[in-house]
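First comes the structure, then the notes that go with it.
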Amino acid sequence: MVETRTGKSTAPYTAEEEAKAAAILKERREKKAAKKKALMEEQAAKMKKIEEEMAREKERLKKEEEKLQAVEEEEEIEEEPLERRRREQRGESSGTRDDQLEKKITEWVANLSLGEEEEALMYVPREEQEAAVKEWEAEEDPLKRQALEDETRMECKEKLEEQLFIVYVRPVTESKEEKPIDPAIAKLLEEFKDLDESPTGVVLRPIQHRIEIEPSSRTPKGAVYRMSPRKLEELRKQLEELLEKGWIRPSSSPFGAPVLFVPKKEGELRMCIDYRGLNAITVKNAEPLPRIDDLLDRVQGCKYFSKIDLKSGYHQIGVHPDDRYKTAFRTRCLPGSWVKLKASGRSPGREQLQEEASVINAVYGMVGVVRQVQSNGRVAVVYSVVDAPLTFMADDLEVVPSLRVGDSVRVKDSVVTPRLGWGDAVTHQTIGMVTGIDDDVSAVTVVFPGGQTCVGCKVDPSELDLVARPFRKKDWVRVKATVLSAPGEWRDIKETSIGVVQSIKDGKLVVAFCSRSQPLIVDPLMLEAIFPPPFQVNDCVRVKASISRPTFDWGRESHRSVGPIIRVRENGLLEVQFHHRPDIWMADPGDMEIVFPARPFQTGDWTAVRRYVDEPKFRWGDVSRNSTGIVSGVRHDGTLEVGFCYLAKPWLGDPSEMALYQPPPFQVSDRVKVKMSVKEPRFKWAGQSHTSIGTVAKIGDRGLLEVKFPNRKESWYADPAEMIVVPPPVFQKGSWVRPNAAAFSRRHLPSWDGVSMSSLGLVQSVDGEILSVAFCTRSTPLVVKREDMEAVEPPPFKVSDIVVRREMQKEQNNRLCGMPETPAADKSGPVINIRENGALEVQVWHRSDILVADPAEMKVLHPARPFRKGDWTGMKRNIQERQKWGPLKRSSVGIVKSVLEGGMMEVNFCCDETQPLCLEAADMVLYYPPPFQLGDCVKVRRSVIQPTFKWGGETHRSVGPVIKIRRNGILEVQFADRSDIWIGDPADMEVVHRARPFQPGDWTSVKRTVKTPKYKWGLADAASLGRVSEVLPDGGLLVDFCFCKRWFADPTDMVLYMPPPFQVGDGVKVKRCVETPRCGWGGEPRWRTGSVVKIRDDGTLEVQFSHRSDIWLADPADMFVYRPARPFRKGDWMGIKRGAGELLFPWGEEEKASIGIVSSVLDGGAVEVVFCCSNRKWIADANDLVLYDPPPFNVNDSVKVKASVKTPRLGWEDITPQSIGIVTLIRENGILEVQFPSRPTVWIADPSDMIVRREPHSVLK
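The working numbering puts the sequence shown at residues 18 to 1278.
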């Protein structure tokens, strides 16, 4: 090493000392290798000699056994049976001990031949070991100290080998004949031969092991234990076997218990994991162990017992997926492990020669990948900066936790400049996500967020820190509160909303929320993980007390309703089953809380089949989906024995198909009644009815309810599936109530006028059992008994709720509610007051008055919430103090700039563009969904006489899309027939069509605010008007113009015109700003109006003029609508479309150029037309005709004969083609009476032969 300032060497030794030390080490290595080789040759010779002696001894024993057997066959057996049995037993046991001794000797000798110095040191006396350690510590030079240590170890080993003696003794045993196997047993073993196979995988069981960690405890991490090469090889084999069987998997968990080996009696090594650290922070189970007597009672009557399932029993019970990361363990260097070099491995001569010292210094601190573990304990490691693998001793390497895809990381603060360079916009505080791992170069690919894009770069894993727990698929998450305060895509997300990670894509998380139809793509920094998962199947849940209205409708449930979760969907939606309802109740997880956590089934639990199960595992039998029973027993495999009140024997149920009700749905002293859906109870009515309310006196073992009624002496028995608990009614002044179904059926009609089954009212007073209830449909309160009303909890409405009218029958009451027929988003409004009779005062943003609505006809679209930045708002219309209004109108609409403390907020209105107004939040209403969005097509309301920012040439009929919304709410609107942007006050506007995606056939043009489109202008310009021909998969648009086909456009640069700017039948003219139309004038003047008879796919307009026999083509950008299309009326001028082929009705005497007048409009779209050339009325289909409006001829018009007419239909008389006359009368059949200066009488003309002239003419006398 060299000092950077002075250039002097800072190495602890001189070059000569280092060279001398290297030579000494090399010489000692050679001596050590030679001594080891000699030792191995000597051991091999000893082993060979032992094997030869053992072979000779076996041959001698075999001959003696043959002689003894021959003698025993000739002699009579006179020994006592007991003594013979004892002799046989002694012979067998001796043989067994001999086999074990022989195996241990062989293994011990093999271990010595491998050079296991650690085991050799175990036989050295403790005093000698302590003396050797003191001698090592006294040496200051690390090189000499290491050499001294190696030499001492070798001397201990040689001393131990000199004291080795091997004794081999083998007793003589009698030979045993193998007995033949019973054929029945052999057949059975052949049939079930798969039982001898080694088990794989984890059997799915209803019970999974859970590991609950004590709160605020530290993650346990143990040091990795040292292992000999033999143990490392055994560890590799056992890990491969466990991985192949599927019992373990690679992990990057922060937990990591060490691994060690414990020798078995047979000499094998048992792999164990030291979980003492995990056990120290684990919450201990408090459940009592089962009694032995109880276990024996459960197997009473069993005939067969098996030990097959006892093999690998530790792997028989699976660990819950949420707790598996806690069981992670750490191992030594294995192929594929990530390792770092310890400081001890950098010393020159430790494991590398002097010439490799620079390479070792270069890789120090870097992370490498283990490629091979050699038999001598060395490890080959691959580094990205070195071509060839480097070898180290395992003790010099440190295993580091490997990262995996999805981990959140950041660059360590100690790293000044990353080895592979900084990415764009990446700092120490930037948090990225691992998207790829390259073991070949020991680097990871990390995607860092950078503005609107993601920047990916290669990073050395040793330079990264793992940030908290990484997000993974199926993780539960919630959006941070600081993110929700900003407007944008979070409009459907509440502070309590919980979502589930669907996938990880380009460093972003795809999160599904049950309140949204489409998942959100979110930056991980915007989310916070919820761990462990907040809900699981069989958790019994209810709606939180703080939730006044859940995301999904109450559906007759309340805060008291408790039921088990039977399924959790991928987007986090909870399916909850209540025992009293036949369907599944959907719940947003953010609205729910756990009352009783899931647990295994126990005897006495109430249960029922889950609603979504079509066919149970053990079939339905006499049980139905609505049946409710009690667990009478749980078998050893988890199967439930369920008792039902109508079955004599228990019904078998799979626990994965059953729902656990906690707390029990029925308890003694509960008030119950028969469900309204039950027509006939299982145990008959016996004088009771749906309105009869009794008290549960006793509950049988199988769930049978014994009910006591006040009007009945004997007990009445009921099936629990047919009953429902009646909560005690709570009535007080201001409580919402509705009529009881039973009371409504027996009501006295005159006194209940105006009240229906769906009516909602407010309690005015309570006098014992008598209630005074006010309904908005009655002028006076209704006096009823308590039993005639049922409480509505929680309150269905409150001030600031956004409400909308329910989809009811065509004949609605609607006497009070005047909600207009407008787009769905404009039918809603906030409740600004609730009257004493329950009537709702609703403020709709586009109306200047207050709507009074019947609560029975309304529903809550969005519950009340606090104001946020960017919300649309307005003053409450029921505020009387004029000083609070200031410059605002009743219809003024603004946007919240900021929310201040003390209930104040700043709001921007278009009436004051310089500064916002500071208003009290209590005086304001929230308009949600927003009244205007980009892309909405709007127009001026009919009630507005003069807009705030003037007409600017537009009218009430002008409709255009909103292309921008300013901070103060001002709308920038683009109309198809004008080249500039029109400014509108939101209080003056109304929405005609809500924004939607582009579709083929839509009319479109470039936004006026776009200077240069994303894909350039090409032949198009800002005034070009075309139609969408195709929408590409990536959202791009192909637009056709009359002068250009398939023009590529970005949808963000375009506007969508709804309704279309042109329709067939529109009367159109050329714009005044157009000097020459794109398709030419064609002899037509600017002032003439034609009718659109056809619109081509590229937007080209086919226009028909009354005086032309052909079609005139026009670019839609050159035209404007002078008169919108409308139906035919009596007296309208019309002509036959030039492009019409065969007409629906025959031609008759009419021609295509004929012009007539409508005499009447018939049913089915037909009209009666009169022509001057015919004395009869001609019937035509309206689709074959074109409307001329304004009329082609009026009284006092100057006319002349068309140049194309050779002879007028009614003759020339004394008129010439140059003669100009004035129309003095138009007859009912369209004939024109024309006055010419050259003749004293009028001239009769067919209108199809004439043309209007606008040249000045002299007044006739």
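Glycine included, each C-beta is placed from N, C-alpha and C at the ideal position.
Buried versus exposed, by CB contacts within 10 Å (16 or more), residue i
{"i": "residue 1318", "result": "Since the first and last residues shown for the chain are 18 and 1278, residue 1318 lies out of range."}
{"i": "residue 148", "result": "exposed"}
{"i": "residue 205", "result": "exposed"}
{"i": "residue 863", "result": "buried"}
{"i": "residue 1124", "result": "buried"}
{"i": "residue 1265", "result": "buried"}
{"i": "residue 1063", "result": "exposed"}
{"i": "residue 317", "result": "exposed"}
{"i": "residue 575", "result": "exposed"}
{"i": "residue 738", "result": "buried"}
{"i": "residue 104", "result": "With a pLDDT of 47 at residue 104, under the threshold of 50, the predicted position of this residue should be treated as unreliable, and no value is reported."}
{"i": "residue 36", "result": "exposed"}
Best match in the options for proximity to residue i [C-alpha to C-alpha]
{"i": "residue 822", "options": "800, 803 and 846", "result": "846"}
{"i": "residue 745", "options": "1195, 274 and 806", "result": "806"}
{"i": "residue 644", "options": "599, 169, 673 and 228", "result": "599"}
{"i": "residue 698", "options": "740, 76, 595 and 433", "result": "740"}
{"i": "residue 891", "options": "872, 995 and 911", "result": "911"}
{"i": "residue 550", "options": "319, 229 and 444", "result": "229"}
{"i": "residue 1111", "options": "1253, 335 and 1121", "result": "1121"}
{"i": "residue 590", "options": "428, 574 and 569", "result": "569"}
{"i": "residue 605", "options": "637, 560, 583 and 624", "result": "560"}
{"i": "residue 771", "options": "887, 756 and 784", "result": "756"}
{"i": "residue 875", "options": "793, 883 and 897", "result": "793"}
{"i": "residue 1076", "options": "974, 1202 and 1117", "result": "974"}
{"i": "residue 918", "options": "885, 630 and 461", "result": "885"}
{"i": "residue 1214", "options": "1229, 1200, 1238 and 64", "result": "1238"}
Segment limits, beta strand (DSSP E) that includes residue i
{"i": "residue 389", "result": "385 to 390"}
{"i": "residue 304", "result": "No beta strand (DSSP E) contains residue 304, which DSSP labels as neither H nor E."}
{"i": "residue 850", "result": "846 to 851"}
{"i": "residue 1202", "result": "1202 to 1205"}
{"i": "residue 727", "result": "Where residue 727 is concerned, there is no enclosing beta strand (DSSP E), given that its DSSP letter is neither H nor E."}
{"i": "residue 774", "result": "It is not in any beta strand (DSSP E) - residue 774 carries neither H nor E in the DSSP assignment."}
{"i": "residue 1062", "result": "1061 to 1066"}
{"i": "residue 756", "result": "753 to 756"}
Residue i - partner residues in DSSP beta bridges
{"i": "residue 688", "result": "712"}
{"i": "residue 912", "result": "889 and 925"}
{"i": "residue 425", "result": "450"}
{"i": "residue 1250", "result": "1242 and 1261"}
{"i": "residue 1195", "result": "1186"}
{"i": "residue 643", "result": "The partner list for residue 643 (beta bridge, DSSP) is empty, contrary to what the question assumes."}
{"i": "residue 628", "result": "Residue 628 is not bridged to any residue."}
{"i": "residue 169", "result": "None, per the DSSP bridge assignment."}
{"i": "residue 875", "result": "822"}
Element boundaries [alpha helix (DSSP H), containing residue i]
{"i": "residue 250", "result": "246 to 262"}
{"i": "residue 200", "result": "200 to 208"}
{"i": "residue 310", "result": "309 to 315"}
{"i": "residue 295", "result": "293 to 297"}
Between the segment 1009 to 1029 and the segment 1069 to 1086, can you find at least three pairs of beta-carbon atoms closer than 8 Å?
yes
Contact between the segment 232 to 243 and the segment 373 to 392: three or more CB pairs below 8 Å?
no
Between the segment 918 to 925 and the segment 975 to 982, are three or more C-beta pairs nearer than 8 Å?
no
Does the pairing of the segment 271 to 282 with the segment 331 to 341 give three or more beta-carbon distances under 8 Å?
no
Meets three-Cβ-pair contact criterion under 8 Å: the segment 1087 to 1104 and the segment 1134 to 1141:
yes
Examine the Cβ distances between the segment 998 to 1014 and the segment 1028 to 1035 and report whether three or more of them are shorter than 8 Å.
no
Are the segment 1214 to 1234 and the segment 1138 to 1148 in contact at 8 Å, needing three or more beta carbon pairs?
no
Does the segment 848 to 859 touch the segment 782 to 793, meaning 3 or more C-beta pairs lie closer than 8 Å?
yes
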